[in-house]
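According to the working numbering, the sequence shown holds residues 235 to 547 in order.
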Amino acid sequence: MRQSFATEVKNNLSRELYPKACCRTAELSALLRMGATLTLSTGRAMGLSFVTENAAIARKAIMLLKGLGGVYTEVSMIRARRLLKNNTYNVRVMPAPEVSELLDRLGLMRGMGRLREPEEDMELLEKDCCKYAYLRGAFLGGGSVNRPEASYHLELVTENQAMASFLLRILQALDYPARMTDRKDRYIVYIKDSESIIDFLAALGAEKAADDVEAARNLKEVRNQVNRIVNCETANVSKAVEAAGREIAAIHTLEAAGMLDELDELLRETVEARLAHPEATRAELGRILSISKSGLSHRLRRLQALAQTYREY
Ligand SMILES: [Zn+2]
């Protein structure tokens with residue numbers, strides 16, 4: 235099965251590690267907020283369970299958790315029962331007294347058993363580097379982006395309304411034209427502007443994906459321009475056909491009035507050329523008669539004026 239563009243972007247981002255500890259903490263915090271549940275052991279020690287269908291993201295979560303130290307992680311894979319369904323990976327932080335301290339550092343919990351609202355993560359995000367890291371964690375945990383050839387759409391999806399509102403606030407603080415909507419019990423924060431999607435992907439470290447979207451956008455723009463030119467030329471051609479039609483109608487009027495033989499030499503050769511080349515533009519007709527465009531226009535005006543006098547009777 236060919237992997238989607240979004241999966242490819244996430245796989246690539248999963249391999250990246252921020253050099254600064256502040257950013258790694260912010261990224262992990264958002265990643266867990268998007269897909270982790272807290273567990274409580276019988277001994278009242280806190281644990282954590284994070285489920286994802288993406289092996290690279292599971293690996294990254296483990297790496298980031300280990301980097302914070304002092305906790306024991308386990309991962310298990312649940313094989314998909316049906317074809318075309320993805321396997322699921324469950325990363326668990328085993329319940330231990332140290333886990334509370336970890337949750338505290340991640341901003342997920344303060345003190346025993348008090349879960350914190352996402353809004354309170356703002357204190358982790360004073361620096362812009364950490365805001366982007368937080369967004370990357372959210373993207374890995376619940377993000378998606380359309381393939382470059384399709385319409386422009388990037389989204390962060392979570393079941394947690396407070397988290398969605400918080401992500402919207404961060405995006406808007408960074409000047410992204412993000413919006414929010416909900417679908418059943420999911421909250422979707424999305425961006426539809428191509429420039430912002432390119433910028434967002436690049437800011438998260440997905441340079442190649444940003445380039446792909448930009449290249450596809452440039453191609454679309456060129457295609458639109460070509461279409462505009464073709465449409466414009468088609469319009470010019472039909473204008474020429476209409477003009478020729480009026481000229482031929484004038485010639486028929488003169489013919490019906492028995493006037494064709496009365497025309498002077500110049501008008502007669504013009505009539506013959508037009509009847510022989512009914513689809514020629516004026517420029518082409520001018521070349522056939524070896525006269526300038528204005529010279530030809532003058533003759534055609536005389537023909538039509540003459541026809542007009544006969545049409546009135
Ligand atoms: Zn940072």
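Glycine included, C-beta positions come from ideal geometry on N, C-alpha and C. Everything numeric in this text was worked out from a predicted model, so none of it was measured.
Here K361 has C256 as same chain residues with Cβ atoms under 8 Å from its own Cβ, once five neighbours each way along the sequence are excluded. With 16 or more other Cβ atoms inside 10 Å of its own Cβ, I404 counts as buried. Counting along the chain, the unbroken beta strand (DSSP E) around L388 starts and ends at L388 to T392. Distance from T307 to R326 at the Cβ level is roughly 7 Å; contact confirmed, criterion being Cβ atoms closer than 8 Å.
Membership of V327 in any alpha helix (DSSP H) is not indicated; the residue belongs instead to the beta strand (DSSP E) covering T322 to V327.
Taking a 10 Å sphere around the C-beta of K527, we find fewer than 16 other C-beta atoms and assign the residue as exposed.
Within the same chain, Cβ atoms closer than 8 Å to the Cβ of A295 are found at L262, L265, L266, F284, T286 and V325, the five residues on either side in sequence being excluded. The C-beta distance from E332 to G304 rounds to 4 Å, short enough to meet the 8 Å contact threshold. Below 8 Å, enough C-beta pairs join the region 443-462 and the region 380-396 to call them touching: three or more. Short of 6 Å from the beta carbon of L401, and not among the five residues preceding or following it, lie these beta carbons of its own chain, in chain order: A372, L390 and V423.
Comparing C-alpha distances from K244 to each of V379, P329, M297 and R339 shows the shortest one belongs to V379. Judged by DSSP secondary structure, Y424 falls within the beta strand (DSSP E) whose first and last residues are R420 to I425. Sixteen is the threshold: when 16 or more other Cβ atoms of the shown chains lie within 10 Å of the Cβ of R508, as they do, the residue is buried. Where M268 is concerned, the enclosing alpha helix (DSSP H) starts and stops at A255 to G269. In this chain, the alpha helix (DSSP H) harbouring D362 covers D362 to G376. Cβ-Cβ distances below 8 Å link S275 to G281 and P329 in the same chain, with the five nearest sequence neighbours on each side left out; the list follows chain order. The nearest non-hydrogen atom of ligand 1 is less than 7 Å from the C-beta of A260. In the three-state reduction of the DSSP assignment, T276 falls in the coil class, being assigned neither a helical nor a strand state.
Annotation for F434: L388, Y410 and I425 place their beta carbon closer than 7 Å to its own, counting only its chain and skipping 5 residues before and after.
When C-alpha distances from P352 are compared across R381, L530, S334 and Q395, the shortest belongs to Q395. I485 carries a helical assignment under DSSP once its states are collapsed to helix, strand and coil. By the beta-carbon neighbour count (other beta carbons within 10 angstroms, threshold 16), S524 is exposed. For the pair Y368 and A279, the Cα-to-Cα distance works out to about 27 Å.
The residue from I291, Q459 and L359 with its alpha-carbon nearest to that of T322 is I291.
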